[in-house]
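*Asks:* Pasting a structure below so you can have a look.
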Amino acid sequence: MIIALNNKCNLLMPEFESYQKELTSLNFKSSKLILCPTSSYLPLYNLDNIDLGSQNVSKDEMGAHTGEIAASQLASLNVRYCIVGHSERRQELSESAKDINLKIKNLLAKNIVPILCVGETKEQRETNNTEQVIAEQVKIAVTDLTEEEKSKIIVAYEPIWSIGTGLIPTIAEIDNVLLLIKEIFPQSKTLYGGSANDENIEYLKTSKLIDGYLLGGLSLKIKKLQRFIDKIEN
Ligand code: 13P
34 MIIALNNKCN LLMPEFESYQ KELTSLNFKS SKLILCPTSS YLPLYNLDNI
84 DLGSQNVSKD EMGAHTGEIA ASQLASLNVR YCIVGHSERR QELSESAKDI
134 NLKIKNLLAK NIVPILCVGE TKEQRETNNT EQVIAEQVKI AVTDLTEEEK
184 SKIIVAYEPI WSIGTGLIPT IAEIDNVLLL IKEIFPQSKT LYGGSANDEN
234 IEYLKTSKLI DGYLLGGLSL KIKKLQRFID KIEN
C-alpha cells in the first residue's frame with residue numbers, strides 16, 4: 034500500500050525537524066511511504082525509508098515566475114512525487130484543469146511521479162454528478178499524454194466533502210469512482226483521501242480497488258499513523 038503524507042501548510046521549522054525524527058521511528062514493512070512537507074522544508078528532508086514528495090509544482094519551467102517552484106528544481110531536491118490538482122488549490126488558487134495538465138507534463142519530463150487529485154463537491158454528489166465531474170477532471174488532466182505517460186500517474190480520489198470533515202463515502206461509492214478512474218488509467222495506482230484514520234481504516238480496507246491513501250490530518254499524528262499502518266499491514 035502507498036501511504037502519502039500531505040502535511041499541507043502545517044508545522045513551524047523546529048516542529049518539522051522533530052516531526053521528521055518521529056517519522057524515523059515508524060514501523061512498516063510492506064507499505065511505501067511518501068512525505069509531502071510544506072515546500073520550504075523540502076531541503077530539510079533526510080529520511081532513508083520514506084520518499085520525498087512535493088505539494089505543488091509550477092506550470093512553467095524555471096524563469097521569471099515569482100513564488101513558483103519548477104519541476105527541475107524539485108528534481109534537484111530529490112523530490113520523487115508531486116501532488117497535483119489538490120482541491121484546496123483548485124478552490125483557493127483557482128488552479129485550472131489546463132494548469133494541472135501542464136504541471137503533469139512538467140513533472141513527467143523530470144521523472145517525478147504526479148499524484149493527481151480528483152474529487153466532487155457535496156452538491157455534485159447530491160445531484161448525481163460525481164462520475165461526470167471526475168471523468169472530466171481526469172480527461173483534461175491527461176490531455177496529449179501517451180498511454181505510457183498516463184501509466185506513470187498515481188490518481189487520488191479525494192471527495193471534497195470528506196476532506197477534514199470526518200465523513201467518508203461508502204466503499205461502494207469509493208469503488209464506483211475508482212473503477213471509473215481505472216478504466217481511464219488501467220495501469221495506475223489509485224489512492225483514497227479524505228478523513229482516512231486509524232478507526233475507519235478497517236472499513237476502508239475492505240475496498241479491493243484502493244492501492245493506498247493520501248492522508249492530511251493523520252499525517253501529523255504519529256501514534257495514530259502507526260496504528261493506521263499496523264491495521265493496513267496486519
Ligand atoms: P484529511 O485526511 O485531513 O481529511 O485530508 C485529506 C487530504 O486532503 C489529503 O490530501
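According to the numbering used here, the stretch in the sequence shown is residues 34 to 267, in order.
The beta-carbon is built from N, C-alpha and C at its ideal position, and this holds for glycine as well.
Bear in mind the structure is a predicted one, so any value in this text is a computation, not a measurement.
#1: Using DSSP bridges, identify the partner residues of residue 69.
#2: Return the chain-ordered ranges of every alpha helix (DSSP H) run that is complete within the stretch 168-201 and spans a minimum of 4 residues.
#3: How long is the line joining the alpha carbons of residue 149 and residue 116, rounded to whole angstroms?
#4: Please go through the same chain and pick out, in chain order, the residues whose beta-carbon is closer than 8 Å to the beta-carbon of residue 72, but skip the five residues on each side of it.
#5: What are the uninterrupted segments assigned as beta strand (DSSP E) that are 3 or more residues long and contained completely in the stretch 127-158, given in chain order?
#6: Using a Cβ-Cβ cut-off of 6 Å (strictly less than) and excluding sequence neighbours within five positions of residue 74, which residues of its own chain qualify?
#7: The alpha helix (DSSP H) with residue 56 in it runs from where to where?
#8: Within the same chain, show all residues whose beta-carbon is closer than 6 Å to that of residue 164, passing over the 5 residues directly before and after it, in chain order.
#9: What residues sit near ligand 1, counting only those whose C-beta is closer than 6 Å to one of its heavy atoms, in chain order?
#10: With a cut-off of 8 Å on the beta carbons, I'd call residue 221 and residue 193 a contact; round off their distance for me.
*Replies:* In brief:
#1: 39
#2: 180-184
#3: 6 Å
#4: 87, 88, 89, 102
#5: Those beta strand (DSSP E) runs which fall completely within the stretch 127-158 and span 3+ residues are 146-151.
#6: 49
#7: That run of the alpha helix (DSSP H) goes 46-56.
#8: 213
#9: 39, 119, 191, 196, 197, 226, 227, 228, 229, 247, 248, 249, 250, 251
#10: Between residue 193 and residue 221 the Cβ distance is about 21 Å, and since that is not below 8 Å, they are no contact.
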